[in-house]
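1 is the number of the first residue of the sequence shown in the working numbering; add one for each residue after it. See below for the structure under consideration.
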Amino acid sequence: MSNNTFKDNIIDEISKWLNEYLKKSGKNGFVFGMSGGVDSSVIALLAKEALKRSPDKKLLALLLPIRDLNKVDYYDEKIAMDIVKSFSIPYKLIDLTNIYQGIITLLDKSADAVCYTNLKARLRMSVIYFYANMLNYLVLGTVNKGEFYIGYFPKNASAGDILPIGGLLKKEIREIGKKLGLPSHIVQRKASGCIWAPTAEEEWGFTEDELDLMIELHEKGGNEGLLNEFEDSEKARIFLKKYQESEHKRKFYPIYKKLT
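See below:
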């Protein structure tokens, strides 16, 4: 299958799937957090494509910056604003800085960077669900396959109600972005680090391309296949450790089954 066939089919398939899911849910539209990265930008345009099939349904992008000079923040307000304006996507800009700063003054000062990062994500998701409840919308999660595979997302804070790109590798998302007309600087933009580094790659210990390849090798040959086929065994071990330790994030809540 050629790349062009792949891109054309996948955009149509995802938009159709989103539209059908929305109709079955009885909701009035989609809402999502817009960060300015390629993932949320692709989701915005996929949702817009989906709603062409249901013109009575609506879309809302939420830009939710938290300005914290002391810690890495993956939101880029200017880029996000450029995308929603360029593609005529309805949006709201809500600065959560004061709320965030107010909350952290009440919390334990010994917390590490992960705690603060996850707090930001959960604060944003609280606002997203506020609008989802108010407008009777579904929340579009922005987690991609690579992030889902290694658990690079805060539990109960990024998945939302439905994951349009949760089954797509980064290279596939970039191809879709090109087809949908995203600017090249957005399509090629590296995922920003969420905790301590400028990029996610630095926090992972491997590149986005390497993550894509390791997922493909792992799905094909399991742990042994990955370790045998991937050229850097240390990176493969880091990948497997992240995959195994984040298994609980990929499963629905464990429910105790009463013994009879």
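No residue lacks a Cβ here, since even glycine has one placed at the ideal position from N, Cα and C.
Cα-Cα separation, residue i to residue j
i                 : j              : result
valine 72         : proline 198    : Its pLDDT being 46, under 50, valine 72 is placed unreliably by the model, and nothing is read from it.
glutamate 208     : leucine 259    : 45 Å
glycine 160       : alanine 236    : 29 Å
alanine 113       : cysteine 194   : 9 Å
serine 40         : serine 184     : 15 Å
isoleucine 238    : arginine 174   : 25 Å
phenylalanine 230 : leucine 168    : 20 Å
isoleucine 10     : lysine 109     : 46 Å
glutamate 77      : glycine 102    : 21 Å
glutamate 210     : lysine 170     : 10 Å
arginine 189      : arginine 250   : 26 Å
aspartate 12      : leucine 182    : 17 Å
aspartate 232     : serine 192     : 23 Å
glutamate 226     : lysine 241     : According to the sequence provided, residue 226 is leucine. The question's glutamate does not apply to it. Taking the straight line from one Cα to the other gives about 13 Å.
serine 158        : asparagine 228 : 33 Å
Proximity below 8 Å, CB of residue i to CB of residue j
i              : j             : result
alanine 80     : serine 126    : no
isoleucine 94  : leucine 51    : no
leucine 22     : leucine 180   : no
tyrosine 253   : tyrosine 149  : no
leucine 60     : lysine 92     : yes
valine 42      : glycine 177   : yes
alanine 132    : isoleucine 89 : no
glycine 166    : glutamate 245 : no
leucine 135    : tyrosine 100  : no
proline 164    : alanine 121   : no
isoleucine 128 : glycine 33    : yes
asparagine 98  : lysine 57     : no
isoleucine 186 : isoleucine 83 : yes
Burial state of residue i, where buried means 16 or more other Cβ atoms lie within 10 Å
i                 : result
cysteine 115      : exposed
leucine 107       : exposed
asparagine 156    : exposed
phenylalanine 130 : exposed
serine 15         : buried
glycine 141       : buried
isoleucine 66     : buried
glutamate 234     : exposed
asparagine 118    : buried
alanine 111       : exposed
threonine 5       : Annotation note: pLDDT 48 at threonine 5 (below 50); position unreliable, no value reported.
histidine 218     : buried
asparagine 3      : Here the model assigns asparagine 3 a pLDDT of 49, short of 50, so the residue's position is not dependable, and the following value carries that caveat. Classification of asparagine 3: exposed, given that the 10 Å Cβ count is below 16.
glycine 37        : buried
glutamate 247     : exposed
Where residue i falls: helix, strand or coil (DSSP)
i              : result
serine 25      : helix
serine 41      : helix
valine 187     : helix
valine 143     : coil
leucine 182    : coil
lysine 16      : helix
alanine 61     : strand
serine 233     : helix
tyrosine 253   : coil
valine 72      : In this predicted model, valine 72 has a pLDDT of only 46, less than 50, meaning its place in the structure is not dependable; the value taken from the coordinates is given anyway. In this structure, valine 72 counts as coil in the three-state DSSP scheme.
aspartate 92   : A small correction: the amino acid at residue 92 is lysine; aspartate does not occupy that position in the sequence shown. Strand at lysine 92.
isoleucine 162 : strand
leucine 168    : coil
threonine 207  : coil
glycine 151    : coil
Notebook entry, point to check: Given 8 Å as the limit, is there contact between the stretch 210 to 224 and the stretch 140 to 148, that is, 3 or more CB pairs closer than that?
Noted result: yes
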